C-alpha cells in the first residue's frame with residue numbers, strides 16, 4: 003500500500019506543476035494591472051508612478067514571466083501564498099478561515115448527497131420498475147438538470163420566505179442548512195442513479211441468492227452483503243463530484259452570504275487582486291487531487307480483494 007501511495011504521489015507531481023502554471027497565468031487574464039489600480043485616484047501622477055514602480059518590484063512584476071513563475075513556485079513549496087495586493091495582508095490570513103468554511107459546506111453537502119442518494123438508489127433497485135423506482139429516477143433526472151443557483155433560490159423561497167422555517171442569512175450552524183441542502187440534494191441525483199444500477203447488478207449475483215436461501219432477512223442481505231459491494235461505484239462518483247461541489251459551493255456561498263472562498267473569489271476578481279485569486283484556485287485544485295487519492299485508498303477498505311502491489 004505504501005509503495006502504491008508513493009507512486010500515486012509521484013504521478014501527481016505533473017498535475018501539481020500544471021496547477022501551479024495555470025494559477026500563475028491567472029494574473030495574465032486580469033483585464034488591468036492590480037498594482038496600477040491600487041493607487042488609482044489616490045496620488046498625483048508623479049507620486050503614483052513612483053509608488054507603482056516600487057510595488058511592481060515588490061511583487062516581482064518587473065521580472066520576466068519565467069522568473070516570476072520560478073519565484074511563485076518556490077514560495078508555494080515553502081507554504082507562502084503571497085500577500086494580498088489590496089489589503090497588504092498575508093493571503094493565508096485572508097483565506098484561512100474561509101477555506102475551512104468552504105470545506106465545511108462541501109463536507110455537509112457530500113454527506114447529505116451520499117446518504118440521500120444511496121438510500122434512494124437502494125429503494126429504487128429493490129423496487130425495480132415500480133412506481134417508486136420511476137418516481138425516484140424522474141426526480142433524479144430533474145436534479146441532474148437543475149442549476150444549483152436556481153435550486154438554492156427555490157429553497158430560499160419555500161423554507162425561508164413561504165414557510166419561514168429557516169433564516170436565509172444568519173450566524174451559526176443554522177446558516178449552513180439551506181446551502182448544504184441545496185448542494186447535497188443536487189449531488190444526491192447522480193449518486194442515486196449510480197447506486198441503483200450498482201445495487202441491481204449486485205442483487206442479481208449468486209451469493210445474494212444463496213444468502214436469501216439461507217433464510218437471512220432482507221435487511222441483512224441488502225445492507226450487509228449487497229451494499230458494501232455496490233459502494234465502489236458510489237465512492238467513485240462521490241470522489242469525482244467533489245470538484246463539482248467545490249465549484250457549486252463558490253456560487254452558493256454568494257447566494258446565501260456564506261463566508262467561504264467563493265464569496266472571497268468574487269471580491270478578489272472585482273478588486274483585481276490576483277494573489278488571492280491564485281491562492282483560491284490553487285487550494286481548490288489541490289483539495290481535488292488529495293480527495294481522489296483518498297478515494298483510491300478507500301477502495302481497499304471497501305473491497306480487501308483489491309491488490310495494489312501489482313499496480
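Numbering (my numbering), first residue to last: 3 to 313. Glycine included, C-beta positions come from ideal geometry on N, C-alpha and C. All of these numbers come straight from a predicted model, not from anything done at the bench.
Residue i - partner residues in DSSP beta bridges
{"i": "residue 220", "result": "DSSP output for residue 220 lists no bridge partner at all."}
{"i": "residue 85", "result": "92"}
Endpoints, alpha helix (DSSP H) assigned at residue i
{"i": "residue 100", "result": "93-128"}
{"i": "residue 231", "result": "229-258"}
{"i": "residue 133", "result": "133-147"}
{"i": "residue 74", "result": "67-79"}
{"i": "residue 209", "result": "208-215"}
{"i": "residue 166", "result": "No alpha helix (DSSP H) contains residue 166, which DSSP labels as neither H nor E."}
{"i": "residue 159", "result": "From DSSP, residue 159 is part of no alpha helix (DSSP H); its letter is neither H nor E."}
{"i": "residue 195", "result": "179-205"}
{"i": "residue 266", "result": "263-273"}
CB-CB length for residue i against residue j, believed under 8 Å
{"i": "residue 284", "j": "residue 116", "result": "Actually they are not in contact, since the Cβ atoms of residue 284 and residue 116 sit about 27 Å apart, beyond 8 Å."}
{"i": "residue 247", "j": "residue 147", "result": "Not really, about 17 Å apart at Cβ, beyond 8 Å."}
{"i": "residue 10", "j": "residue 298", "result": "7 Å"}
{"i": "residue 151", "j": "residue 188", "result": "In fact, because the Cβ distance is near 10 Å, the residues do not count as touching under 8 Å."}
{"i": "residue 119", "j": "residue 194", "result": "4 Å"}
{"i": "residue 244", "j": "residue 293", "result": "5 Å"}
{"i": "residue 186", "j": "residue 114", "result": "3 Å"}
{"i": "residue 90", "j": "residue 263", "result": "Actually they are not in contact, since the Cβ atoms of residue 90 and residue 263 sit about 20 Å apart, beyond 8 Å."}
{"i": "residue 198", "j": "residue 123", "result": "4 Å"}
{"i": "residue 251", "j": "residue 72", "result": "About 32 Å; that fails the 8 Å criterion."}
{"i": "residue 266", "j": "residue 94", "result": "The Cβ separation is near 13 Å, so there is no contact."}
{"i": "residue 17", "j": "residue 291", "result": "6 Å"}
{"i": "residue 287", "j": "residue 21", "result": "5 Å"}
Three-state secondary structure (DSSP) of residue i
{"i": "residue 27", "result": "coil"}
{"i": "residue 62", "result": "coil"}
### Stretch pair the segment 175-194 + the segment 143-162: three plus CB contacts closer than 8 Å
yes
### Query
Pairing CB atoms from the segment 149-158 with CB atoms from the segment 259-271, are three or more of them under 8 Å?
The segment 149-158 is not in contact with the segment 259-271.
### Message
With three or more beta-carbon pairs closer than 8 Å as the criterion, would you say the segment 190-206 touches the segment 123-130?
### Response
yes
### Task
May I ask you to verify whether the segment 211-228 touches the segment 77-93, counting CB pairs closer than 8 Å and requiring at least 3?
With the cut-off at 8 Å, the segment 211-228 and the segment 77-93 do not touch.
### Message
I'd like to know if the segment 86-101 and the segment 266-280 are in contact, where contact means that at least 3 CB-CB pairs between them fall below 8 Å.
### Response
yes
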